[in-house]
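The opening position of the sequence shown corresponds to residue 0 in numbering that gives the first Met the number 0, with each subsequent residue numbered one higher. Backbone N, C-alpha and C define an ideal beta-carbon position, used for all residues, glycine too.
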Amino acid sequence: MGCYYLRSNYVYKVVKLGGSIITFKDRPMSIRYDVIKFLASELAEFLKSYPNVRLVLIHGGGSFGHYTVRECLNTKGEIDVSCFSKTSYVMTMLNTYLVKEFINAGLKPVSIPPHVIFRREGGQLIYEPGLIVEYLMRGFMPVLYGDVILGDQVFEVLSGDTIAWLVAKDLGAKELIFATDVDGLFDKDPKKYLDAKLIEFIRADDLTNLNFSTSDYDVTGSMMLKLMDGLKYGVKGVKVRIINGLVSGNLYKSLVGSSTVGTVVEY
């Protein structure tokens, strides 16, 4: 394999599609076909209009990966070899459908299974970003996803969020977009409280100053954990956007830098 380096004349962006927007999380192995179609169309429209941008896409497991892993843990108490195989298979199924829709939209995707390039050794999560870089430099849109990987004598789940942070950091990406099923980061759970207020902008260093009650953990608290991971991985110089990916047009607006969509977090 040739040696490829990131070129300074390109702008690098990372998009993470949450499993809750590409699948129905309460129905096993169910795909949101209409949502995937308009997301693919918006990605294609953006990349056609901005040829100097190189984009990596990551997606979650939704009702494919999460359901399968939960089933394994409930019946066996661990991820064993058969569970690893099954989880890898169902995630490949979901990934294949997305890649097909991306191709139909005119994109040039290439799937990179995370279990091939990620592993945990000596307690450290390691991976080789060279393959991602090479595909980017040759005009592809690499597509990765939440997956199961080899660990220290065990198998473990590697979330799409973690992959997104690491890839954004290593590429020196200008932006990382999390497309979720809520409109952004709120001061409390918007699914429970009608008076929840959207936080339109915040600096990453100020995230620890926000206080949420235990009852808000499901949506707002989990969003906070997602954002705190950026600090944990030492991400700097990246503008993170949290948007509602279920709303047609939001992904395109966020990619072009519209300030009217979601929450912006500066790292």
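Check your understanding: residue 261 to residue 231, Cα distance in whole Å?
Key -> Rounded to whole angstroms, residue 261 to residue 231 spans 23 Å at the Cα level.
**Study point:** N- and C-terminal bounds of the alpha helix (DSSP H) containing residue 225
**Key:** 221-231 is the extent of the alpha helix (DSSP H) around residue 225.
Review point. Below 8 Å, can you find three or more Cβ-Cβ pairs linking the stretch 1-18 to the stretch 77-84?
Key: In short, these stretches do not touch, since the Cβ pair count stays below three.
Check your understanding: Are there three or more Cβ pairs, one per stretch, closer than 8 Å when the stretch 139-156 is compared with the stretch 58-73?
Key -> Verdict: yes, contact present.
**Study point:** Close beta carbons around residue 216, own chain, < 6 Å, minus the five adjacent residues each side
**Key:** Annotation note: pLDDT 44 at residue 216 (below 50); position unreliable, coordinate value reported separately. In its own chain, leaving out the 5 sequence neighbours on each side, no residue places its CB closer than 6 Å to the CB of residue 216.
Review point. Which value, in whole angstroms, describes the spacing of the CA atoms of residue 197 and residue 205?
Key: So the two alpha carbons sit approximately 16 Å from each other.
Review point. To the nearest angstrom, how far is it from the Cα of residue 109 to the Cα of residue 148?
Key: Computed Cα separation, rounded: 19 Å.
Check your understanding: Is DSSP giving residue 110 helix, strand or coil here?
Key -> Assigned with DSSP and collapsed to three states, residue 110 falls in strand.
Check your understanding: Which same chain residues, not among the five before or five after residue 249, have their C-beta less than 6 Å away from its C-beta?
Key -> Only residues of its own chain outside the window of five on either side were considered, and among them 242, 243, 260 have a CB closer than 6 Å to the CB of residue 249, listed in chain order.
Exercise for review: Check whether the Cβ atoms of residue 66 and residue 27 sit closer than 8 Å, and answer yes or no.
Suggested key: If you check the CB distance, residue 66 and residue 27 come in under 8 Å.
**Study point:** For residue 265, the residue or residues it bridges with in DSSP
**Key:** Assignment of beta-bridge partners to residue 265 by DSSP yields 202, 238.
**Study point:** Straight-line Cα distance separating residue 29 from residue 94
**Key:** A straight line joining the alpha-carbon of residue 94 with that of residue 29 spans about 13 Å.
Exercise for review: Consult DSSP for residue 178 and reduce its assignment to one of helix, strand or coil.
Suggested key: Per DSSP, reduced to three states, the secondary structure at residue 178 is strand.
Check your understanding: Tell me the DSSP bridge mates of residue 161?
Key -> As computed with DSSP, residue 161 is found in no beta bridge at all.
Point to revise | Range covered by the beta strand (DSSP E) that runs through residue 140 | key: For residue 140, the uninterrupted beta strand (DSSP E) run begins and ends at 140-144, by DSSP.
Check your understanding: DSSP state of residue 32, grouped into three classes?
Key -> If DSSP states are grouped into helix, strand and coil, residue 32 belongs with the helices.
**Study point:** Helix, strand or coil at residue 53 [DSSP, three-state]
**Key:** It is a strand residue.
**Study point:** Selected residue, minimal CA-CA separation from residue 20, among 11, 9, 10, 32
**Key:** Residue 32 is the option with its Cα nearest to residue 20.
Practice item. Label residue 188 either buried or exposed according to how many other C-beta atoms from any shown protein chain fall within 10 Å of its C-beta, with 16 as the threshold for buried. Key: Buried.
Exercise for review: Just mark residue 245 as buried or exposed, buried being the case when its beta carbon has 16 or more other beta carbons within 10 Å.
Suggested key: Buried, since its Cβ has 16 or more Cβ neighbours within 10 Å.
Exercise for review: Report, in whole angstroms, the separation of the C-beta atoms of residue 255 and residue 131, which I expect to be a contact under 8 Å.
Suggested key: Contact doesn't hold; Cβ gap of about 24 Å is too wide.
Practice item. State whether the stretch 121-128 contacts the stretch 38-53, with contact taken as three or more CB pairs (one from each stretch) at a distance under 8 Å. Key: Counting Cβ pairs under 8 Å, fewer than three are found: no touch.
Point to revise | Chain-order list of residues whose beta-carbon lies under 6 Å from that of residue 89 (same chain, five-residue window excluded) | key: Cβ neighbours of residue 89 beyond the five flanking positions: 63, 67.
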